[in-house]
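Q:
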């Protein structure tokens, strides 16, 4: 708990709770009644601005820089891994290639376990320590899982983790090496999620699922705080975010929301939620007159991390886009794989399929002439390409095998 | 070129050259006559100390912080990727597990392409721009290759890269996605190196090989500069480094050497070079009365990045250990794989086999009672475990696949 939290507020009915009064969702509204953490913004502001005026010390460039506006107190044990403060690049060659110079990349594949999810896990594990929970659990398409396992390993907390058995091998390897107790669920992510919820309740494990636990979004929001700092307050006009459960885009909006409440920015960038065509409940709702209700589906896409048919953070995901007058768009798997090739080729940044879905969305809107030439655009890359090598290698031509002779080199060069 | 460079000096005959007078090695001594870059230390000192007194701005936490003591001028184009300033952790649980609290981890797997080699590639590519070279080449066991390819992609430089065809698939995938021209050599690293040298000479490509190009070591030394900053001047007593070609340990020594010449430290930590038993020419020389001469061998080890039978930076590698009164030790592949499991389990840091060979060396010396209890030890992890998933997954037990029911969970938990 942090003395800076004013209350928690149900996203559906608006009911307020004192921090610590409930652990998870609103008892009146059930599992979709997620709670937003509201801070004492006026009281925080001065100290927060003062901290931001100085760059972090060499060992302190991580999300804890923002502790004044995080839901854990300074005294709570927290991971020493460098979570957050990921690079924010202006990749000139990528901008030239795509015909849009005012383009930025937020490379969250550079987190300790190589995905955005470390931001949330860092908070979840700190909360587990605060609440003296001995076991933490989550369901995940892979990244939240390996992230939770890694952060737990750094702090000696036990974890039970549910992933679909189809998760990429690299993510499974991370999980096991980090010492998590892993259940490979013979089903999809949505089934793994439901099972995790049941097990959490049955066994009293602390539940790290972002679309349920109110504090996780607070970790995710740090990405927006960093974009604010790294863009030196000249916020991008658009931020492109890959969307599965809706938690990441919801978290990024929460960061901008907090910055508005602190009086540091006037308005948030337009948030563009990008989904895979085969897993697009948010897009369908958006097209249905900006409906607030998602219709479940059975997802299928190469972008495993956003292969979600029943988004759990539906309200926060929709709100992120609607409140910023952004939009939801979808892209094909082929467009995702194109982006998977374009990003490393022109920026030196290697993302996993879900990680570059955001870029595919940018490219699609750009090609359609729907982004003003002078608009500044930030694209969040949520996971490292090393997390899913099989998909990556399937996108590229093989290199020639040659004998170790100069003649063989000349032949390969067609000289 | 940098006005701060005083001269280049042959490591064998001591002959001095003006910066730019020769591109690679000493013409008198041939390919093993590597050149050390010597700076105008007295002139640099004041400005350098002044810069170090302030932490880097949020977008400037990278090796360019040390530009005053790097061999390229401010005006030369350089990569915008966040190279260096990798985390320096004190992993409490790992220290407890290994019975040595004063233990630090320098996690260089957190570089942009996930290995230490980005430090060198960043300098190599900047040098290629300075010299107006249009093509750069290197031979590599995999990491230097994917690193060079990534840095080149970020700056639009063409690369030709030679790797043994047995390099792990993740490294090959990176290479191809970054748009490098790749030759998979039907032979080992030593053969790939020789072929690259021939091709470089034949076609006039700029040669990035660290054990040949004098400037690359200057990139690698930044790891030592960071350890100096991150340990707040309280340098570790020992630094453990995995050794293949000898370039990394040579580079780390060069960093400490520069710090000594700047009057910022009195002496360097003892450098412990750790090799795999199946690829240990440095260890053999060390045991042979600290010989200065390496005997070639045919290497074989699971740690692909240090599988080197003919080390190219022999002089600099040996000197790093001899000058600091450190030592060379070797470890078995089994000990390497043990470390590969211990590090993620107790520190949340996932390294590749060569990346954790340094830790295996620390563990071996610790177990042998050869490290004083109060000695502070830093272990450099040179590459991310995501680079070699096949080896990692072979070390761990499979997770159980379960039906998506609570009963299945209970059964798996043996409840």
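Residue numbers (our numbering), protein chains in the order written: chain D, 78 to 492; chain Z, 78 to 492. In this text, a Cβ means the ideal position worked out from N, Cα and C, and glycines have one as well. Here the structure is a predicted model, which means the values were calculated and not measured.
In the segment 454-489 of chain D, which residue ranges form an unbroken alpha helix (DSSP H) of at least 4 residues, counting only runs that do not cross its ends?
A: Listed in chain order, they are 466-471 and 483-489.
Q: Below 9 Å between beta carbons is the criterion; list the residues of the segment 143-169 of chain D that meet it against any residue of chain Z, in chain order.
A: If the cut-off is 9 Å between Cβ atoms, the segment 143-169 of chain D has 156, 157, 158, 159, 162, 163, 164, 165, 166, 167, 168 and 169 near chain Z.
Q: Looking at chain D, is there any beta carbon in it that lies within less than 9 Å of the beta carbon of residue 231 of chain Z?
A: Yes, residue 231 of chain Z lies at the interface with chain D (some Cβ there is under 9 Å from its Cβ).
Q: Output yes or no for whether 9 Å exceeds the beta carbon distance between residue 325 of chain D and residue 353 of chain D.
A: In this structure, residue 353 of chain D does not lie closer than 9 Å to residue 325 of chain D by Cβ.
Q: How about residue 428 of chain D and residue 414 of chain D: are their beta carbons less than 9 Å apart?
A: Their beta carbons are not under 9 Å apart, which means residue 428 of chain D does not touch residue 414 of chain D by this criterion.
Q: By Cβ distance, which residues of its chain are closer than 6 Å to residue 345 of chain Z, with the 5 residues on each side in sequence left out?
A: Once the five neighbours on either side are set aside, the close Cβ partners of residue 345 of chain Z are 333 and 401.
Q: For residue 190 of chain Z and chain D, any beta-carbon pair shorter than 9 Å?
A: Chain D contact via Cβ: present.
Q: Taking Cβ to Cβ, would you say residue 293 of chain Z is nearer than 9 Å to residue 201 of chain Z?
A: Contact flag set, yes.
Q: Along the chain, where does the beta strand (DSSP E) that runs through residue 319 of chain Z open and close?
A: That run of the beta strand (DSSP E) goes 315-319.
Q: Mark residue 296 of chain Z as exposed unless 16 or more other C-beta atoms lie within 10 angstroms of its C-beta, in which case mark it buried.
A: Buried, by the Cβ-count rule.
Q: Could you tell me the distance, in whole angstroms, from the CA atom of residue 461 of chain D to the CA atom of residue 91 of chain Z?
A: Each residue's alpha carbon lies about 45 Å from the other.
Q: Please name the residue, chosen from D:228, D:186 and D:277, that lies closest to residue 423 of chain Z on a Cα-to-Cα basis.
A: Residue 423 of chain Z has its Cα closest to that of D:228, out of D:228, D:186 and D:277.
Q: Only counting runs of 3 or more residues, tell me where the beta strand (DSSP E) segments fall wholly within the segment 321-397 of chain D, in order along the chain.
A: You should have 347-353.
Q: Would you mind working out which of Z:158, Z:115 and Z:164 sits nearest residue 306 of chain Z, comparing C-alpha positions?
A: Nearest C-alpha to residue 306 of chain Z: Z:164.
Q: Rounding to the nearest angstrom, what Cα-Cα distance links residue 501 of chain Z and residue 242 of chain Z in this structure?
A: In the structure as shown, chain Z begins at 78 and stops at 492. Residue 501 of chain Z is therefore absent and cannot be evaluated.
Q: Apply the 10 Å Cβ neighbour rule to residue 331 of chain D and answer buried if 16 or more other Cβ atoms are within range, or exposed otherwise.
A: With 16 or more Cβ atoms within 10 Å of its Cβ, residue 331 of chain D is classed as buried.
Q: Between residue 72 of chain D and chain Z, is there a C-beta pair that is closer than 9 Å?
A: It is not possible to answer for residue 72 of chain D, since the shown part of chain D is limited to 78 through 492.
Q: Measure the CB-CB distance between residue 481 of chain D and residue 264 of chain Z and report whether it falls below 9 Å.
A: For residue 481 of chain D and residue 264 of chain Z, yes; Cβs fall inside 9 Å.
Q: Within its chain, find whatever has a CB closer than 6 Å to the CB of residue 396 of chain D; leave out the 5 residues flanking it on each side and keep chain order.
A: For residue 396 of chain D, where only same-chain residues beyond five positions count, there are no Cβ hits under 6 Å.
Q: With a threshold of 9 Å between beta carbons, is residue 333 of chain D in contact with chain Z?
A: For residue 333 of chain D, the answer is no, since every Cβ of chain Z falls outside 9 Å of its Cβ.
Q: Roughly how many whole angstroms lie between the Cα atoms of residue 204 of chain D and residue 267 of chain Z?
A: Spanning the two alpha carbons is a distance of roughly 51 Å.
Q: According to DSSP, simplified to helix, strand and coil, what is residue 109 of chain Z?
A: If DSSP states are grouped into helix, strand and coil, residue 109 of chain Z belongs with the helices.
Q: Consult DSSP for residue 93 of chain Z and reduce its assignment to one of helix, strand or coil.
A: Residue 93 of chain Z: strand per DSSP, three-state reduction.
Q: List, in order along the chain, the chain D residues whose C-beta lies closer than 9 Å to that of residue 261 of chain Z?
A: Going along chain D in sequence order, the residues near residue 261 of chain Z (Cβ under 9 Å) are 475, 476, 477, 478 and 479.
Q: Would you identify the three-state DSSP class for residue 261 of chain D, choosing helix, strand or coil?
A: Three-state result, residue 261 of chain D: strand.
Q: Using a Cβ-Cβ distance under 9 Å, would residue 218 of chain Z count as near chain D?
A: Not an interface residue.
Q: Roughly how many angstroms lie between the CA atoms of residue 485 of chain D and residue 322 of chain Z, to the nearest whole one?
A: Answer to the nearest angstrom: the Cα atoms are 25 Å apart.
Q: Need the endpoints of the beta strand (DSSP E) that residue 213 of chain D sits in, please.
A: 212-216 is the span of the beta strand (DSSP E), which, as asked, contains residue 213 of chain D.
Q: Which chain Z residues sit within Cβ distance under 8 Å of residue 254 of chain D?
A: 417, 418, 421, 422, 427, 462, 469, 472 and 473, listed in chain order.
Q: Beta carbon of residue 131 of chain Z, beta carbon of residue 132 of chain D: below 9 Å?
A: The answer is yes: Cβ separation under 9 Å.
Q: Just how far apart, CA to CA, sit residue 410 of chain D and residue 381 of chain D?
A: Cα to Cα, residue 410 of chain D sits roughly 11 Å from residue 381 of chain D.
Q: Where does residue 340 of chain D land, buried or exposed, given buried means 16+ other C-beta within 10 angstroms?
A: Per the 10 Å Cβ criterion, exposed.
Q: At the 9 Å Cβ level, is residue 412 of chain D part of the contact set with chain Z, yes or no?
A: Not closer than 9 Å to any Cβ of chain Z, the Cβ of residue 412 of chain D fails to qualify, so no.
Q: At which residues does the beta strand (DSSP E) containing residue 85 of chain Z begin and terminate?
A: Start and end: 82-87.
Q: For residue 166 of chain D and residue 146 of chain D, which I take to be in contact (beta-carbon distance under 8 Å), what is that distance rounded to the nearest angstrom?
A: Not a contact, Cβ separation roughly 25 Å.
Q: Would residue 197 of chain Z count as contacting chain D if we go by Cβ distances under 9 Å?
A: No, residue 197 of chain Z does not count as interfacial toward chain D.
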